[in-house]
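Novice: Residue numbers (UniProt numbering), protein chains in the order written: chain A, 1 to 268; chain B, 1 to 268; chain C, 1 to 296; chain D, 1 to 296.
Just so it is clear, CB atoms sit at the ideal spot from N, CA and C, and this is done for glycine as well.
A quick note: this is a predicted structure, and the numbers were derived from the prediction, not measured.
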Ligand SMILES: Nc1ncnc2c1ncn2[C@@H]1O[C@H](COP(=O)(O)OP(=O)(O)OP(=O)(O)O)[C@@H](O)[C@H]1O
Ligand SMILES: Nc1ncnc2c1ncn2[C@@H]1O[C@H](COP(=O)(O)OP(=O)(O)OP(=O)(O)O)[C@@H](O)[C@H]1O
Ligand SMILES: [Mg+2]
Ligand SMILES: [Mg+2]
């Protein structure tokens, strides 16, 4: 796991994002509005920017529109009004051919996991690699390593329906990060795990962030937002406000040294 | 809402549980063991009792077996070994005819909601009443009231797929409590809602508890467990320990007076 | 009855009615074919069984004398036939009948009167006459009257009848096979339609619904869907049947009787969509109860 | 090709192969029926078209004299026929042929030699002879030779032929209808099978799979399933066809030619399961691409 996940030649993998160009916008919303079908507008005139390499939380009450914002970012929804750009491309006007290539640079943790029921945990996590054409031997090596790291070494062949809620969520997270995305979007990724695992997963996201991945995490967990000092986008009645992190709080316990290595987490 | 939900002649509804007989066990596990198919035992020799009218949390790491314990309580699973009694009936030996009647005295919030996709929120919540043969006019009155109370007045006719994660969870909770069950089992009922709504839902559970409902809530939310002073069953490596509540902490904000009344919660 | 779980709002479940429709459509075509064939055979049977035709050559020459000679031959033949133990009755066709028979082939007109026409005798056999009765009668006739023979045509028709009967059996066999295949397909489609509803069944079960309550919901739903599909397929088959009937009416010859379906046949056909819907309902009920019986 | 998404592990999706199987089974039965009917008609056509049989009554009396008189009549008739513009050739059947024809009806033996047997003449008409040629020839023959007539039997068979051809058309129409229904059912079953996979399609799409990659996965899966079902249905139809063939062989008369299928017919039949599988594959591809085109 470690060798493959420790950075080596990150710049070579990300030619579109020259080192130091932190100000390049990975996601940019400009006066975006969205309504579902004939319903009311979920929000309007929303503007914000996620610079490359940034780490943001996205909070807001239930039904405020967090998942909707993420859906716009991962190209599952099109804005009704306004402009959404992803990696500098206007998503409304990008040619259809281009979209799959943009999507492969994303990692998404869906709120309802969206695991494929008739595939094993391993096959589910391998999906982004298969789609990207990664050679099978590499898949066979990387996937079990990552699953072991999230504490599912014993469940490689389990169908999603035989996994507990938190185990499913960890499979979903593994699938989102397996191809080291340029942009990670996670929707309530710790809703079904206990605080210990939540910490561990957040550290995984921070580790990825250090490798250059831009991260946006929608969450209700105020504690998490407070504990990790990252800027927070707050959705409230369709309006977005950016809240800078409070002065760093003492982290609970020492941060694990070998960040992404470590043993199993199952039944801690 | 209020009139119907405020107690009136509770004793008449619960002849099996004479007032004051708090020691009557609603759920009793005796040296229970369970394994799925050919897998390892999730736990063994588990014994505990939920007295009538009690309120317990159930905690434990992801994959520890919380959902499995609840599944045993709501008769979705049969113990591989040991004895499980529900309302005094040995579930392994109760005649099949009896089980639906036992199940109707339960309210269950499933971790994955299990809403019926092609029914509206209203029809989903109405399901337990329909199954119990409640007259349609009563259903038409009670269901919208309860949905309004959990903040979904605007979403009565919405299909589950058009609801946000937290909205789905609230529909699931409404369905569990609509028939004022004798035993409420909730699996991670606040995983998808923010703290404010979580508090509100917990108060709903406490309110029900005061009306005589026995409550068991599986959760990862340590904060919640600490904030509400109720005994907590802790699952750890297949062993169960009972932790009595710490000395009462100051509750966050005044508890709403008209507990179960009140306005909408959507987009707080 | 009070309002139930609105299963019919599930819009994905259009498969079952469509498949039931197609199956009923095919089954109606197959069954009506078999029934019509059976009707044709029935008429042939009535026409043919127990009757024979003898042909008496005309005496040579033209004119009244030759006619008288021919008449004598016919009288002789009638006598011989009536004396035969297997013959119930024998009747000579009169001139008008004979002319009517020959006319289509040779044309009407005075020519006919001049020709030395062979005479025909309709023979009715006693019931229960065996298969070789015809040969027996033929031999007796030939011995009694020179130039008399049995009409091979009718004999041949009787053989055709046997063939037709065998083909009818065969058609019935094919219809049976189609019926079995149809039944299996409807059962399978209904069950597959229900797998999509397994979570619903599970939730209803866990909510405390009685097994029978759940099964009834799904059975009623399946019945409605099956009726929709079955009647649809039946309706679609009607114009096809009408077209086939029209074509058949066009080709009706003297030999091929009118192809048609009796009211009883129609009853059978109407039973097909109803049966398909009932089958779908029963399958739903059994499947749901089976699914439930495997839940604790 | 590298390992793909193992869609085939989805165990709920047995519906499509079973339905394709049933449909192919029915289509094979229908098509082989139509082909066999066509073959029968073809032989009848070859037997009947352009040929006629004339019957010459034997001269009265027994013995050599009468025979000689009959022979003269035959010679006269042959001459008249060969002189007719519509007749290509005319040939008198010899004694052996005549005896063989009559034997089944009257029985063999010395009796036959004693009987004044009518003679038969095989007539071949020139190609392109019209529908009323037969009546024309009949009239000419009757005028030339007393006691000579055209065999109504053959004429009747020619009418039966017309009927058979119309029935054949009708059968083809029914087969076409069955084919359309089958096609629709396979398309529908494949699409319904895919609705269960919609979440999978969605996830693959969101993960950044190319449309063509996704469509190919599902098309290949559908092809495999369709082949399984189609070949299964074909295999099931084989014993039924064999049984029907055996029954038909049992009832073969002199008139009904051997019912059978040529190698070309078999090629057509084998194309049915392959076509069904191809149809299923195409439907899957089109449906998936359509589903994807409606996702942003
Ligand atoms: N597919 C849809 N069709 C119609 N309305 C929808 C759809 N999806 C979401 N909505 C509505 O849009 C609003 C915002 O939903 P969204 O899922 O973005 O909320 P959220 O912030 O993610 O909430 P939660 O924290 O509960 O998941 C909600 O009122 C919801 O009912
Ligand atoms: N249907 C099943 N078949 C086989 N194994 C199962 C099944 N359901 C759960 N398990 C296994 O049983 C163990 C306990 O699962 P359970 O769902 O009870 O955990 P949990 O405490 O609810 O966890 P979480 O907090 O993540 O929901 C897990 O290891 C899980 O993989
Ligand atoms: Mg959401
Ligand atoms: Mg659980």
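Against chain D, with Cβ distances strictly below 8 Å, would residue 218 of chain C count as a contact?
Specialist: No, its Cβ sits nowhere closer than 8 Å to a Cβ of chain D.
Novice: What are the start and end residues of each continuous alpha helix (DSSP H) run of 4 or more residues lying completely inside the UniProt domain "ABC3 transporter permease C-terminal" (174-288) of chain D, in chain order?
Specialist: Within the UniProt domain "ABC3 transporter permease C-terminal" (174-288) of chain D, the complete alpha helix (DSSP H) runs of at least 4 residues are 198-206, 211-251.
Novice: Answer yes or no: the CB of residue 164 of chain A versus the heavy atoms of ligand 4, is any distance below 7 Å?
Specialist: Yes, Cβ of residue 164 of chain A sits closer than 7 Å to a heavy atom of ligand 4.
Novice: Starting from residue 241 of chain B, follow its DSSP beta bridges and name the residues at the other end.
Specialist: Note: residue 241 of chain B sits in a beta bridge opposite B:234.
Novice: Which partner residues does residue 53 of chain C have in the DSSP bridge list?
Specialist: Answer by DSSP bridge pairing, in chain order: C:122.
Novice: When every heavy atom of ligand 3 is checked, does at least one fall within less than 7 Å of the C-beta of residue 111 of chain A?
Specialist: Yes, the beta carbon of residue 111 of chain A sits closer than 7 Å to at least one heavy atom of ligand 3.
Novice: Using a Cβ cut-off of 8 Å (strictly closer), state whether residue 167 of chain A contacts chain B.
Specialist: It does; some Cβ of chain B falls within 8 Å.
Novice: Sort A:175, A:169, A:137 by Cα distance to residue 125 of chain A and report the nearest one.
Specialist: That would be A:175, whose Cα lies nearest to the Cα of residue 125 of chain A.
Novice: Run through chain C and tell me which residues come within less than 7 Å of residue 25 of chain D, C-beta to C-beta.
Specialist: Here the neighbours are 181.
Novice: Specify the secondary structure class of residue 80 of chain A as computed by DSSP and reduced to three states.
Specialist: Three-state DSSP puts residue 80 of chain A in coil, outside helix and strand.
Novice: With a threshold of 16 other CB atoms inside 10 Å of the CB of residue 292 of chain D, please say whether the residue is buried or exposed.
Specialist: So residue 292 of chain D counts as buried.
Novice: Tell me the DSSP secondary structure of residue 89 of chain A in three-state form.
Specialist: The answer is strand: DSSP assigns residue 89 of chain A an E or B state.
Novice: Quick check on this structure: which residue in B:135, B:114, B:81, B:88 has the alpha carbon closest to the alpha carbon of residue 165 of chain B?
Specialist: If we check each option's Cα against that of residue 165 of chain B, B:114 comes out closest.
Novice: Leaving out five residues before and five after residue 218 of chain D in sequence, what residues of the same chain have Cβ atoms less than 6 Å from its Cβ?
Specialist: Once the five neighbours on either side are set aside, the close Cβ partners of residue 218 of chain D are 284, 288.
Novice: Heavy atom of ligand 2 less than 7 Å from the Cβ of residue 158 of chain A, yes or no?
Specialist: Within the cutoff, so yes.
Novice: Please report whether the beta-carbon of residue 37 of chain A lies at a distance below 8 Å from any beta-carbon of chain D.
Specialist: So, not an interface residue.
Novice: Answer yes or no: does any C-beta atom of chain D fall closer than 8 Å to that of residue 288 of chain C?
Specialist: Chain D contact via Cβ: absent.
Novice: Quick check: is any heavy atom of ligand 5 less than 7 Å from the C-beta of residue 74 of chain B?
Specialist: This structure lacks ligand 5; the ligands present are ligand 1, ligand 2, ligand 3 and ligand 4.
Novice: Taking the continuous alpha helix (DSSP H) assigned at residue 195 of chain B, which residues delimit it?
Specialist: Segment 195-210, the alpha helix (DSSP H) holding residue 195 of chain B.
Novice: Within 10 angstroms of its Cβ, does residue 11 of chain A collect 16 or more other Cβ (buried), or is it exposed?
Specialist: The predicted model places residue 11 of chain A with a pLDDT of 38, which falls under 50 and marks its position as unreliable, so this point remains unresolved.
Novice: Taking any Cβ of chain A, which residues in the segment 199-212 of chain D have a Cβ under 7 Å from it, in chain order?
Specialist: Against chain A - using a Cβ distance shorter than 7 Å - the residues of the segment 199-212 of chain D are 199, 200, 203, 204, 206, 207, 208, 209, 210.
Novice: So for residue 295 of chain D, helix, strand or coil by DSSP?
Specialist: Looking at residue 295 of chain D - three-state DSSP - the assignment turns out to be coil, as it is neither helix nor strand.
Novice: Taking only beta-carbon atoms, is residue 6 of chain D less than 8 Å away from chain A?
Specialist: Taking Cβ atoms only, chain A reaches closer than 8 Å to residue 6 of chain D, which makes this a yes.
Novice: I want to see whether chain F comes within less than 8 Å of residue 209 of chain B, judged by CB atoms only; does it?
Specialist: Absent from the structure is chain F; the protein chains it does hold are A, B, C and D.
Novice: In three-state terms, what does DSSP make of residue 94 of chain D?
Specialist: Reduced to three states, the DSSP call for residue 94 of chain D is coil.
Novice: DSSP state of residue 145 of chain A, grouped into three classes?
Specialist: In the structure shown, residue 145 of chain A sits in a helix (DSSP, three-state: H, G or I).
Novice: For residue 67 of chain A, which residues in chain B fall below 8 Å Cβ to Cβ?
Specialist: Chain B residues near residue 67 of chain A: 164, 165.
Novice: Could you tell me if residue 169 of chain D is buried or exposed, where buried requires 16 or more neighbouring beta carbons within 10 angstroms of its beta carbon?
Specialist: Result: exposed.
Novice: Would you call the CB atoms of residue 160 of chain B and residue 188 of chain B closer than 8 Å?
Specialist: No. Outside cutoff.
Novice: Quick one: any contact between the segment 198-210 of chain A and the segment 169-186 of chain A, if contact means 3 or more CB pairs under 8 Å?
Specialist: At 8 Å Cβ cutoff, the stretches touch.
Novice: Taking the alpha-carbon positions, what's the residue 173 of chain B to residue 30 of chain C distance?
Specialist: Cα-Cα distance, rounded: 54 Å.
Novice: Quick one: grab the DSSP three-state call for residue 105 of chain D.
Specialist: In this predicted model, residue 105 of chain D has a pLDDT of only 43, less than 50, meaning its place in the structure is not dependable; the value taken from the coordinates is given anyway. If DSSP states are grouped into helix, strand and coil, residue 105 of chain D belongs with the helices.
Novice: Where do the N-terminal and C-terminal ends of the beta strand (DSSP E) with residue 51 of chain B fall, by residue?
Specialist: Segment 41-51, the beta strand (DSSP E) holding residue 51 of chain B.
Novice: Assuming the contact rule is C-beta atoms closer than 8 Å, residue 23 of chain D and residue 182 of chain D should be a hit. Round their C-beta distance to whole Å, please.
Specialist: About 4 Å separates the two Cβ atoms, so the contact holds.
Novice: Just to make sure I have the definition right: I need the residues of chain B whose C-beta is within less than 7 Å of the C-beta of residue 296 of chain C. Which are they?
Specialist: Going along chain B in sequence order, the residues near residue 296 of chain C (Cβ under 7 Å) are 75, 76, 77, 78.
Novice: Taking DSSP's pairing of strands, which residues face residue 30 of chain A in a bridge?
Specialist: DSSP, once it has assigned bridges, lists A:83 as partnering residue 30 of chain A.
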